[in-house]
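2 protein chains.
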Amino acid sequence: MSRDPSAGNRARATLSEVASMADVSVSTVSKVLNGRGGVSEETRARIEALLQDHQYNRRATKRTVAPLLEVLVYEIDSPFGSEILAGIEQVARRRRIGMVLTAATERHLPEPSWVEDVIERQPLGVILVACVLPPEDKQRLRSRNIPLVMVDPAGAPAPDVPSIGSADWTGGYLATRHLLDLGHRRIGIITGPPDMLASTARLSGYRAALETAGVPIEPDLIRPGEFHHRDGLVEGRALLSLPDRPTAIFASSDLYALGVYEAARSCGIAIPADLSVVGYDDLRIARWAGPPLTTIRVPLAAMAEQAFHLVMRLADEPELTFSRIDIDTSLVVRESSAPPARP
Amino acid sequence: MSRDPSAGNRARATLSEVASMADVSVSTVSKVLNGRGGVSEETRARIEALLQDHQYNRRATKRTVAPLLEVLVYEIDSPFGSEILAGIEQVARRRRIGMVLTAATERHLPEPSWVEDVIERQPLGVILVACVLPPEDKQRLRSRNIPLVMVDPAGAPAPDVPSIGSADWTGGYLATRHLLDLGHRRIGIITGPPDMLASTARLSGYRAALETAGVPIEPDLIRPGEFHHRDGLVEGRALLSLPDRPTAIFASSDLYALGVYEAARSCGIAIPADLSVVGYDDLRIARWAGPPLTTIRVPLAAMAEQAFHLVMRLADEPELTFSRIDIDTSLVVRESSAPPARP
Numbered sequence: 001m002s003r004d005p006s007a008g009n010r011a012r013a014t015l016s017e018v019a020s021m022a023d024v025s026v027s028t029v030s031k032v033l034n035g036r037g038g039v040s041e042e043t044r045a046r047i048e049a050l051l052q053d054h055q056y057n058r059r060a061t062k063r064t065v066a067p068l069l070e071v072l073v074y075e076i077d078s079p080f081g082s083e084i085l086a087g088i089e090q091v092a093r094r095r096r097i098g099m100v101l102t103a104a105t106e107r108h109l110p111e112p113s114w115v116e117d118v119i120e121r122q123p124l125g126v127i128l129v130a131c132v133l134p135p136e137d138k139q140r141l142r143s144r145n146i147p148l149v150m151v152d153p154a155g156a157p158a159p160d161v162p163s164i165g166s167a168d169w170t171g172g173y174l175a176t177r178h179l180l181d182l183g184h185r186r187i188g189i190i191t192g193p194p195d196m197l198a199s200t201a202r203l204s205g206y207r208a209a210l211e212t213a214g215v216p217i218e219p220d221l222i223r224p225g226e227f228h229h230r231d232g233l234v235e236g237r238a239l240l241s242l243p244d245r246p247t248a249i250f251a252s253s254d255l256y257a258l259g260v261y262e263a264a265r266s267c268g269i270a271i272p273a274d275l276s277v278v279g280y281d282d283l284r285i286a287r288w289a290g291p292p293l294t295t296i297r298v299p300l301a302a303m304a305e306q307a308f309h310l311v312m313r314l315a316d317e318p319e320l321t322f323s324r325i326d327i328d329t330s331l332v333v334r335e336s337s338a339p340p341a342r343p
Numbered sequence: 001m002s003r004d005p006s007a008g009n010r011a012r013a014t015l016s017e018v019a020s021m022a023d024v025s026v027s028t029v030s031k032v033l034n035g036r037g038g039v040s041e042e043t044r045a046r047i048e049a050l051l052q053d054h055q056y057n058r059r060a061t062k063r064t065v066a067p068l069l070e071v072l073v074y075e076i077d078s079p080f081g082s083e084i085l086a087g088i089e090q091v092a093r094r095r096r097i098g099m100v101l102t103a104a105t106e107r108h109l110p111e112p113s114w115v116e117d118v119i120e121r122q123p124l125g126v127i128l129v130a131c132v133l134p135p136e137d138k139q140r141l142r143s144r145n146i147p148l149v150m151v152d153p154a155g156a157p158a159p160d161v162p163s164i165g166s167a168d169w170t171g172g173y174l175a176t177r178h179l180l181d182l183g184h185r186r187i188g189i190i191t192g193p194p195d196m197l198a199s200t201a202r203l204s205g206y207r208a209a210l211e212t213a214g215v216p217i218e219p220d221l222i223r224p225g226e227f228h229h230r231d232g233l234v235e236g237r238a239l240l241s242l243p244d245r246p247t248a249i250f251a252s253s254d255l256y257a258l259g260v261y262e263a264a265r266s267c268g269i270a271i272p273a274d275l276s277v278v279g280y281d282d283l284r285i286a287r288w289a290g291p292p293l294t295t296i297r298v299p300l301a302a303m304a305e306q307a308f309h310l311v312m313r314l315a316d317e318p319e320l321t322f323s324r325i326d327i328d329t330s331l332v333v334r335e336s337s338a339p340p341a342r343p
């Protein structure tokens with residue numbers, strides 16, 4: 001016999017163990033592993049549970065299909081989502097790997113059938129952009145040795161999934177210090193949802209910059225939002241209606257900043273003569289704003305590239321352990337920030 | 001024998017004819033057809049040429065791989081590209097078809113290796129968004145029975161590829177008539193490249209509306225551009241510097257309109273009090289502009305959906321003939337247009 005008796009026996013034994021525990025044939029387990037049909041829902045669920053309980057890991061095999069990378073993204077057509085996608089696609093294309101793109105639901109989750117379809121397509125790996133996976137989906141991918149990486153702007157990674165983020169505290173600090181350096185003392189901020197680590201970190205950077213400069217923190221000047229354009233408009237109007245209104249606003253997303261522009265315009269307040277505005281993200285629209293927006297640059301293309309290389313490394317070295325890296329943010333000064341007008 | 005002697009014999013005969021003409025084995029031809037390796041470049045080229053000369057069409061076979069749809073797009077992260085992608089993805093997801101996304105080069109063409117990779121992935125079909133294919137790539141797809149559809153905002157489809165566009169002349173006419181109805185008589189236009197049918201059609205709609213209203217056409221008020229934000233800024237400034245400057249500008253893309261906003265702001269001209277602006281496309285950014293932009297709505301989601309359904313129909317009915325449909329455009333009035341100020 002020419003077969004090498006040591007090759008892959010462990011995996012096969014485990015597969016047949018799972019089959020015997022589930023009281024089905026090995027080919028039925030194999031169908032479930034490969035996402036093929038012809039298995040009842042009940043049997044499929046039983047086998048998945050056993051695969052999970054026994055931490056079955058498929059042995060790496062040489063793939064015969066064309067190489068694919070799966071990307072699950074929240075909002076393909078948001079400026080943020082589309083710039084990250086373009087970054088991932090560019091590196092995947094250079095390696096001649098097909099990028100399969102799926103949008104998540106409004107709750108940042110995949111459709112229930114998504115994971116089955118992914119398994120059937122046998123990708124080299126999966127990248128989540130601003131999305132989360134239910135634990136059972138993670139386990140299903142893990143049991144097929146399909147690596148998973150998150151590009152995680154929200155900054156709240158699951159500890160069991162490697163993630164790429166950016167330096168939010170530093171960004172918040174730099175934005176605020178820039179306004180302080182220009183001479184502003186009454187600086188408003190529109191923050192993101194408090195349950196999002198990225199928002200808390202940016203707010204914390206804002207507070208630290210003020211404290212370092214000896215400027216008291218005023219709760220009135222701190223306004224919440226959900227990272228939508230509308231929040232920038234509504235909270236911008238609220239800030240500009242204060243009896244002693246701020247001379248500068250740190251809008252912690254570029255969309256907020258556009259909302260603040262609109263609020264200022266409708267109140268007859270000129271930017272930057274009467275109000276300085278600093279955004280966050282440096283999306284393309286920041287350059288197109290009138291005036292062009294001073295903002296914190298989040299290196300979306302670099303984050304995308306890191307996520308790609310990490311998922312490829314994990315595909316080659318499944319034992320690699322990796323938790324999170326945050327890529328540096330920086331200040332981009334354009335025309336929306338200036339010294340405050342003399343009182 | 002249980003084999004049906006009539007099934008598939010024609011295709012097999014042709015395949016073996018191609019093999020004998022190329023002086024290679026049937027399996028070599030099959031490798032080329034399926035995009036597999038192990039064939040020299042010279043032999044591959046000879047076989048491709050024969051497949052093309054003899055209009056070889058693979059007989060439709062039942063696919064065993066997970067269903068994929070290929071999308072080639074110019075600029076994933078442009079507002080225009082990303083909104084169309086989101087539309088295609090949404091319908092593909094509903095049908096559980098994986099969307100493989102590739103970006104085109106700056107010249108709106110795929111990378112040279114793209115078509116080989118597509119063939120290897122065996123998709124149900126291909127959608128081009130604002131891209132073109134070299135004739136040999138088209139033929140390669142055709143000889144594998146992979147249908148091709150263009151979403152074609154430029155309006156210059158290859159006559160041999162079915163395409164989905166929008167009603168550009170109507171859009172140009174509606175935008176201009178809206179400004180005329182408000183009382184404007186000096187209406188500037190920033191047009192797209194003259195070799196793009198879409199630009200010519202929008203300009204022609206502008207002229208027709210002016211002529212219908214008995215307003216003379218002034219060459220000074222017609223400015224060219226390449227559909228970039230910067231063109232809106234530069235040409236907007238040029239129009240606003242004219243001795244008898246226009247009271248309204250039809251910016252034939254939303255990006256132009258943002259550039260015109262910036263030109264007006266830097267000249268101290270208020271929108272809409274001193275200048276009305278109408279855009280084109282109704283991208284998300286049109287709503288976020290300050291003031292929110294009056295524009296022509298191009299139904300991107302509907303175009304995406306039509307392209308998807310068409311490519312799926314062609315996959316089922318390869319004999320279907322189809323040339324082009326243009327989907328209706330409409331006027332969306334927001335806050336950037338108003339009657340002209342009294343002189």
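First to last, the protein sequences are chains Z and H. Under full-length UniProt numbering, think of the first position of the first sequence as 1, with each following residue one higher. Under full-length UniProt numbering, think of the first position of the second sequence as 1, with each following residue one higher. Just so you know, even glycine gets a beta-carbon here, dropped at the ideal spot from N, CA and C.
- The contact set of Leu-85(H) on chain Z, defined by CB atoms closer than 9 Å, consists of Ile-76, Asp-77, Ser-82, Leu-85, Leu-101 in chain order.
- With its beta carbon at least 8 Å from every one in chain Z, Ile-296(H) lies outside the interface.
- Residues of chain H with a Cβ closer than 8 Å to the Cβ of Ile-285(Z) are, in chain order, Ile-285, Trp-288.
- Under the three-state reduction of DSSP, Ser-276(Z) is assigned to strand.
- DSSP places Arg-313(Z) in no beta strand (DSSP E) but in the uninterrupted alpha helix (DSSP H) bounded by 300 to 316.
- If you ignore the 5 residues before and after Ser-323(H), its C-beta comes within less than 7 Å of the C-beta of Pro-162, all in its own chain and listed in chain order.
- With a contact defined as Cβ atoms closer than 8 Å, Gly-171(H) and Thr-329(H) qualify at about 4 Å.
- Here Ile-88(Z) carries a helix assignment [DSSP, helix/strand/coil].
- Within the DSSP secondary-structure output, Leu-128(H) pairs in a beta bridge with Leu-72(H), Met-150(H).
- In the three-state scheme derived from DSSP, where H, G and I count as helix and E and B as strand, Ala-338(Z) is classed as coil.
- By the Cβ neighbour-count rule, Ala-49(H) is exposed, with fewer than 16 other Cβ atoms within 10 Å of its own.
- Comparing alpha carbon positions, the residue from Gly-188(Z), Asp-220(Z), Gly-225(Z) closest to Asp-195(Z) is Gly-225(Z).
- Under the Cβ criterion of 8 Å, Tyr-206(H) is not counted among the residues facing chain Z.
- Our two residues, Ile-146(H) and Val-115(H), have alpha carbons roughly 11 Å apart in a direct line.
- Interface flag for Val-65(H) against chain Z is set, since a Cβ pair is found closer than 8 Å.
- Spatial neighbours of Arg-44(H) in its own chain (CB-CB distance under 8 Å, excluding positions within 5 residues in sequence) are listed in chain order as Val-32.
- Annotation: Ser-252(H) to Asp-281(H) spans about 8 Å, alpha carbon to alpha carbon.
- Between Val-18(Z) and Leu-68(Z), the C-beta gap is not smaller than 8 Å, which leaves the two residues out of contact.
- Within the same chain, and ignoring the five residues on either side of Thr-191(Z) in sequence, the residues whose Cβ sits closer than 6 Å to its Cβ are Ser-199, Leu-203, Pro-224, Ser-252.
- At a cut-off of 8 Å, the C-beta of Pro-339(Z) has no neighbouring C-beta in chain H.
- Using a Cβ distance threshold of 8 Å, Pro-272(H) and Ser-337(H) count as a contacting pair.
- With the rule of 3 Cβ pairs closer than 8 Å, the stretch 287 to 302 of chain H does not count as touching the stretch 312 to 320 of chain H.
- Taking Ala-341(Z) as the centre and dropping the five residues before and after it, the same chain places the C-beta of Ala-273, Asp-274 closer than 7 Å to its C-beta, in chain order.
- In the structure shown, the three-state DSSP call for Asp-23(Z) is coil.
- A distance below 8 Å separates the beta carbons of Gly-236(Z) and Ala-264(Z).
- For His-229(Z), at least one C-beta of chain H is nearer than 8 Å to its own C-beta.
- Scanning its chain for C-beta atoms nearer than 6 Å, with the 5 sequence neighbours on each side dropped, one finds around Ile-327(Z) the residues Ser-166, Pro-299, Ala-302, Met-303, in chain order.
- For Thr-294(H), the CB contacts under 8 Å within the same chain, skipping 5 residues up- and downstream, are His-178, Ser-276, Val-277, Val-278, Gly-279, Leu-331, Val-332, Val-333, Arg-334, Glu-335, Ser-336, Ser-337 in chain order.
- When the alpha-carbon of Phe-250(Z) is set against those of Gln-306(Z), Val-260(Z), Pro-243(Z), the nearest one is in Val-260(Z).
- Buried is the label assigned to Ser-143(H), since at least 16 other Cβ atoms lie within 10 Å of its Cβ.
- Using a Cβ-Cβ distance cut-off of 8 Å, the stretch 237 to 244 of chain H and the stretch 204 to 212 of chain H are not in contact, since fewer than three pairs of beta carbons, one from each stretch, lie closer than that value.
- Neighbours of Ser-113(Z) across chain H, judged by C-beta separation under 8 Å: Arg-96.
- Measuring C-alpha to C-alpha distances from Ile-76(Z) to each of Gly-81(H), Leu-72(H), Tyr-74(H) identifies Gly-81(H) as the nearest.
- At a cut-off of 8 Å, the C-beta of Tyr-280(H) has no neighbouring C-beta in chain Z.
- At a cut-off of 8 Å, the C-beta of Leu-258(H) has a neighbouring C-beta in chain Z.
- Fully contained in the stretch 223 to 295 of chain Z are the following beta strand (DSSP E) runs of length 3 or more, in chain order: 248 to 251, 276 to 278.
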